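*Asks:* In the working numbering, the protein residues as written are 94 to 386.
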Amino acid sequence: MAIDNAAISNIVREVVERQLGSSQQSPPANCDLPNAATLKEKFRQDQPTYGIWITLESPSITEIATRMGFDWIVIDAEHGYLDMKIVMEHIRVANLANTPILVRISEIQGGLIKRIMDVGADGIVVPHLRTAAQLAEAVSFAKYPPEGTRGIGAERATRWGAGIEKCVPLANESSLVVAMMETMEAGDAIDEILDVPGVDAMFFGLHDYSATFGYPGKADEPAVMQRAMEVQKRICERGMPTGILASEKEDIERRLVQGFRMIGLGFDTTLLIKAATQVLEAAGKPVPESAWW
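Quick look at the structure:
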């Protein structure tokens, strides 16, 4: 027998109302979705934003990130081993802290995107795009009709069904879709890709981008960087925010001058390694080269 979450939510609400007394009203479903709206407004005002990419399973990492003031968080569910339950726990922490949180998906698949949005993500990051048609499909999966094909479910995004009437009409405008620019084909098709409605930013993944040019592991190859900056300039000319990873002060400043406004300051793992390396060196115990081989 299928469990009707909306029905359960209504029953619980009725019980609570009876216990509190008929004069008291249950609180309305809060579906203002301020998290994504805050980030979108910063994009509109051309403000720099700074985020972190999460790859490890502990929601405490996300909790620390929200307390430290990151503007956004991306949970990386493309690589690694994070399952839906772990992803949801990260999302729950960020939601309660009013910090925008997105999930980088592993593939453009309707059921996957629907579940990620249903458990409360503010949006998705779409990897390895090659064509405008792929991006349009991803946007469709992330949006409710009539803009898209996302199904309406009684989950966290609709307050377990109790807030469907309030949450669903607000969701399309509030949800975020960030496209990864990490293939040569996407760069060549940038004008068609920029014509796809419902996209909020484009984030450059230079390692994958350089690999498609035949330079795996060489993200700073001059010819690749030149082409990447040509594409980035075109994106900025069309008024769309661009993002990139940058963790050193000089690099961050350079990227800001270039027009990037969605700066990823690092992955949780790389930031941990960097901090641990610094304290080990301060203690006179440098990390052996064999640690990474």
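We put the beta carbon where it would ideally sit given N, CA and C, even for glycine. Note that the structure is predicted; figures quoted are calculated from it, not measured.
1. Tell me the DSSP bridge mates of M274?
2. Using DSSP with H/G/I as helix, E/B as strand and the rest coil, what is V292?
3. Could you have a look at R348 and say whether DSSP puts it in helix, strand or coil?
4. Could you pull the start and end residues of the alpha helix (DSSP H) that L203 belongs to?
5. So, is the C-beta of I201 closer than 8 Å to a C-beta in chain D?
6. Are at least three pairs of beta-carbons, each pair with one atom in the segment 370–378 and one in the segment 349–358, less than 8 Å apart?
7. According to the neighbour-count rule (16 or more other Cβ atoms, all chains shown, within 10 Å of its Cβ), is T142 buried or exposed?
8. What is the DSSP secondary structure of L338, counted as helix, strand or coil?
9. Between which two residues does the alpha helix (DSSP H) carrying V218 extend?
10. I need the straight-line Cα distance from I337 to G298, nearest angstrom please.
11. Which of the three DSSP states, helix, strand or coil, is assigned to W386?
12. Assuming the contact rule is C-beta atoms closer than 8 Å, V186 and E156 should be a hit. Round their C-beta distance to whole Å, please.
13. Out of I145, A214, Q202 and V232, state which residue places its alpha-carbon closest to the alpha-carbon of K178.
14. Pull up the distance between the alpha-carbon of D383 and that of V261, whole angstroms please.
15. Have a look at I345 and A255 and give me their C-alpha separation to the nearest angstrom.
16. Please report the distance separating the alpha-carbon of R243 from that of I366.
17. Assign R223 to one of three DSSP states: helix, strand, or coil.
18. May I have a chain-ordered list of the alpha helix (DSSP H) segments no shorter than 4 residues that lie completely inside the segment 131–207?
19. Determine the extent of the beta strand (DSSP E) in which M355 is found, giving its start and end residues.
20. Going by the DSSP bridge assignment, what does L269 pair with across the sheet?
21. Are the segment 282–296 and the segment 204–214 touching, with three or more C-beta to C-beta distances below 8 Å?
22. Count the other C-beta atoms from every protein chain shown that fall within 10 angstroms of the C-beta of P315, then say buried if there are 16 or more, exposed otherwise.
23. Applying the 10 Å Cβ sphere with the 16-neighbour rule, what's the burial state of N188?
24. Closest by CA to T159, which one among N128, E134 and F136?
25. Helix, strand or coil, according to DSSP, for D284 in the structure here?
*Replies:* So, from the listed chains and residues:
1. F297, per the DSSP bridge assignment.
2. Note: V292 maps to coil in three-state DSSP.
3. Here R348 sits in helix by DSSP.
4. Before going on, a small fix: residue 203 reads as Gly here, not Leu. Its alpha helix (DSSP H) spans residues G203 to D211.
5. Of the protein chains in the structure, only one exists, and it is not chain D.
6. With the rule of 3 Cβ pairs closer than 8 Å, the segment 370–378 does not count as touching the segment 349–358.
7. Looking at its Cβ environment, which holds 16 or more other Cβ atoms inside 10 Å, T142 is buried.
8. In the three-state reduction of the DSSP assignment, L338 falls in the strand class.
9. Annotation: V218 is outside any alpha helix (DSSP H); the continuous beta strand (DSSP E) that includes it extends over G216 to V219.
10. Here the C-alpha atom of I337 lies approximately 7 Å from the C-alpha atom of G298.
11. Assignment of W386 by DSSP, reduced to helix, strand and coil, places it in the coil class.
12. Contact check for V186 and E156: beta-carbon distance about 5 Å, within the 8 Å limit, so the pair qualifies.
13. Among I145, A214, Q202 and V232, the Cα nearest to that of K178 belongs to A214.
14. According to the sequence provided, residue 383 is Ser. The question's Asp does not apply to it. Roughly 52 Å between the two C-alpha positions.
15. Whole-angstrom Cα-Cα distance: 44 Å.
16. Roughly 39 Å separates the two Cα atoms.
17. In the structure shown, R223 sits in coil (DSSP, three-state: anything other than H, G, I, E or B).
18. Complete alpha helix (DSSP H) runs here, min 4: 152–161 and 177–189.
19. Unbroken beta strand (DSSP E) run through M355: M355 to F360.
20. DSSP lists G216 as partners of L269.
21. Flag = no, the segment 282–296 and the segment 204–214 do not touch.
22. Classification of P315: exposed, given that the 10 Å Cβ count is below 16.
23. That one is buried.
24. The shortest Cα separation from T159 among N128, E134 and F136 belongs to N128.
25. Look at D284 here: in three-state DSSP terms it is helix.
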